[in-house]
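Undergrad:
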Amino acid sequence: MQLSSRTAIVTGAGGGLGRSHALLLARLGAGVVVNDMNEEAARKVADEIVAAGGEAIPFAASVTDEAGVAEMVGQAMARWGRIDILVNNAGILRDKSFAKMSIEDFRQVVDVHLMGAVVCSKAVWEIMREQRYGRIVMTTSSSGLYGNFGQSNYGAAKMALVGLMQTLSIEGEKYSIRVNCLAPTAATAMTDGLLEPAALAELLPERVSDGLLALVGDEAPSRTILCAGAGHFAAANVTLTEGVQIANDDNAPEAVVAAWPQIRDRAGEIVPAYGFTQLEREVASATAQKARRTAHG
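Using the numbering used here, the letters of the sequence shown correspond one by one to residues 3 to 299.
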């Protein structure tokens with residue numbers, strides 16, 4: 003019962019991965035707000051939690067509905083007096099090649115995945131700051147991290163969530179708000195028809211949710227991207243190579259082309275602590291080059 007004093011909101015929890023997350027958090031002792039657009043589905047999962055001896059309330063609302071999300075947060079505060087965990091899981095698919103995709107399909111996916119996570123995170127942010135404790139999980143995807151044919155909208159939204167996580171983890175650090183990403187692979191309604199039956203049998207949502215405690219517990223890290231599926235867990239990182247300093251002269255464009263293998267060489271690459279790491283290193287490299295030139299006359 004590691005989460006017995008905690009309250010959690012799980013979006014898109016009426017089925018699939020969200021349901022699995024909600025059931026796990028409740029089993030670990032958390033009071034859970036089961037959010038879904040489908041009121042019946044949300045209530046069914048909440049009832050399942052209560053029947054097992056846990057605490058849960060359902061709440062039907064789109065994560066893009068600011069007023070609805072605010073009301074959901076208000077109900078959670080009225081019931082438990084705090085919100086410790088937010089799992090931004092809600093999402094949709096509108097898969098098509100970019101050539102065939104409408105702007106509306108692109109915008110709708112970005113709105114639900116990215117802006118839905120923004121709306122929900124914003125709704126709990128001040129609460130977490132005031133109580134000086136919070137755990138937020140963004141649901142990213144390998145389609146965002148590495149790309150996937152037919153998912154330009156989904157991939158763009160999912161990689162944007164990584165950027166949101168990176169910044170919120172920095173801003174929340176002094177308030178003990180830890181923000182991480184989960185990149186799941188699971189057999190859900192969103193993957194129906196995409197995978198072979200043998201693969202689906204391995205990709206149980208529960209085997210992804212097993213990694214959730216590590217991201218929301220008291221000892222949770224921050225700025226981690228946890229990739230999970232079929233009981234396999236790995237961490238993904240956004241890295242920066244050592245790179246090359248190019249002289250500022252008329253031959254610079256050609257020099258960049260010539261140095262391309264060295265620019266991309268991953269030996270000695272780092273995971274930057276924050277965005278300005280790139281800028282700081284670039285300025286330091288340019289300054290060092292000027293110093294060398296001055297020293298050599």
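All C-beta atoms in this analysis are idealised placements derived from N, C-alpha and C, irrespective of residue type, glycine included.
Measuring CB to CB, does S2 end up less than 8 Å from N91?
TA: The question about residue 2 has no answer here: the residues shown for the chain are numbered 3 through 299.
Undergrad: Within the 8 Å Cβ cut-off, does D267 reach chain B?
TA: The structure shown contains no chain B; it holds only a single protein chain.
Undergrad: Quick check: what's the CA-CA separation for T296 versus D251?
TA: Cα-Cα distance, rounded: 16 Å.
Undergrad: Mapping DSSP to helix, strand and coil, what is R137?
TA: In this structure, R137 counts as strand in the three-state DSSP scheme.
Undergrad: Can you tell me the Cβ-Cβ gap for I51 and A24, rounded? I've got them flagged as a contact below 8 Å.
TA: 7 Å
Undergrad: Take the Cβ of W262 as the centre, count every other Cβ of all protein chains shown within 10 Å, and call the residue buried at 16 or more, exposed below.
TA: exposed
Undergrad: Going by alpha carbons, who is nearest to I179 out of T13, I129, A260?
TA: The shortest CA-to-CA distance from I179 to any of T13, I129, A260 is the one to I129.
Undergrad: Which two residues bound the contiguous alpha helix (DSSP H) that contains G149?
TA: From DSSP, G149 is part of no alpha helix (DSSP H); its letter is neither H nor E.
Undergrad: Taking the alpha carbon of G93 as the point to measure from, which residue in P207, A236, M39, Y148 has its own alpha carbon closest?
TA: M39
Undergrad: Just confirm the distance between the C-beta atoms of T226 and E271, as a whole number of angstroms; I'd bet it's less than 8 Å.
TA: Actually they do not touch by this definition, with Cβ atoms about 18 Å apart.
Undergrad: Which of the three DSSP states is assigned to V34 in this structure?
TA: strand
Undergrad: According to the Cβ coordinates, are V71 and I85 closer than 8 Å?
TA: no
Undergrad: State the beta-bridge partners of P186 as determined by DSSP.
TA: A230
Undergrad: If you drop the 5 nearest sequence neighbours on each side, which residues of the same chain put their C-beta closer than 8 Å to that of R131?
TA: G174, Y177, I179
Undergrad: Taking just the CA atoms, how far does E198 sit from V65?
TA: 31 Å
Undergrad: Under 8 Å between the Cβ atoms of L170 and L217?
TA: no
Undergrad: Enumerate in chain order the residues of its own chain whose CB-to-CB distance from G149 is below 7 Å, with the five nearest sequence positions on each side excluded.
TA: Short of 7 Å from the beta carbon of G149, and not among the five residues preceding or following it, lie these beta carbons of its own chain, in chain order: G157.
Undergrad: Beta-carbon within less than 8 Å of A209's beta-carbon, same chain only, minus the 5 sequence neighbours each way: which residues are those?
TA: Per the sequence shown, the amino acid found at residue 209 is Arg instead of Ala. The answer, listed in chain order, is A188, A230, G231, A232, G233.
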